[in-house]
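K.L.:
Numbering (the numbering used here), first residue to last: 269 to 495.
By construction, the Cβ of each residue, glycine as well, lies at the ideal position given by its N, Cα and C atoms.
Note that the structure is predicted; figures quoted are calculated from it, not measured.
Structure below.
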């Protein structure tokens, strides 16, 4: 009697890893476990983008620098930037070097190319925690500071990278994470859409309960789709 095997593509594996990592994030599960799953997905995305002639490191720098300079031009940088003279001096220095980015520029107007050394530096820094959690061949007695693990920006980078190459979205997990991010961004402007209704419902909840609400939204939406 013959049996069939189910096969999965790398991109489909990434989607499932990211959806699981987002659910774990909203459940406030162990940060190390979340980081391991999200980092595995990010590593796959790096390779998939490279196969398509794209550089995730360059794209990450492009997004960071673009919004930093554009918001500086607009005068909408968050308070933890504007209240620190040293940070603002550095932001102004970067903005003066990148004069083509204006208050009205679009991300699609900007291109970034990294040297091999800068690309390597990006991944060395980005993978530091993931490598610690994955390997013990060279530092069996090593330690790592837990406060250096921040899964929110890692998931943001993963979601952005996934959108660059995927023909679909991250389903209800991606929707909830995007709404959670918008709800925590005071500059997000509502347009009256269904998405913004979700954002506003999250904003009405105290910040310490927002993850719990987002997880409930995912479970409810997934259950409705399964019917």
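Could you compute how far the alpha carbon of residue 396 sits from the alpha carbon of residue 271?
P.N.:
Rounded to whole angstroms, residue 396 to residue 271 spans 42 Å at the Cα level.
K.L.:
Roughly how far, in whole angstroms, is the beta-carbon of residue 289 from the beta-carbon of residue 423, given that I think they are within contact range, below 8 Å?
P.N.:
At roughly 6 Å, the Cβ-Cβ gap stays under 8 Å, so residue 289 and residue 423 are in contact.
K.L.:
Grab me the residues of residue 390's own chain with a C-beta within less than 6 Å of its C-beta, minus the 5 sequence neighbours each way, in chain order.
P.N.:
If we look at residue 390 and ignore the five residues flanking it on each side, its Cβ neighbours are 325.
K.L.:
Helix, strand or coil: which one does DSSP assign to residue 384?
P.N.:
Helix, per DSSP.
K.L.:
With a threshold of 6 Å on Cβ separation, who are the neighbours of residue 323 within its own chain once the five nearest residues in sequence on each side are excluded?
P.N.:
None.
K.L.:
Exposed or buried, what is residue 367 when buried is set at 16 or more other beta-carbons lying within 10 Å of its beta-carbon?
P.N.:
So residue 367 ends up on the exposed side.
K.L.:
Is DSSP giving residue 321 helix, strand or coil here?
P.N.:
Coil, per DSSP.
K.L.:
Let me know the secondary structure DSSP gives residue 449 once reduced to three states.
P.N.:
Three-state DSSP puts residue 449 in a helix.
K.L.:
So residue 303 and residue 398 are in contact, right, with Cβ under 8 Å, and what is the actual spacing, rounded?
P.N.:
Indeed they touch by this definition, with Cβ atoms about 7 Å apart.
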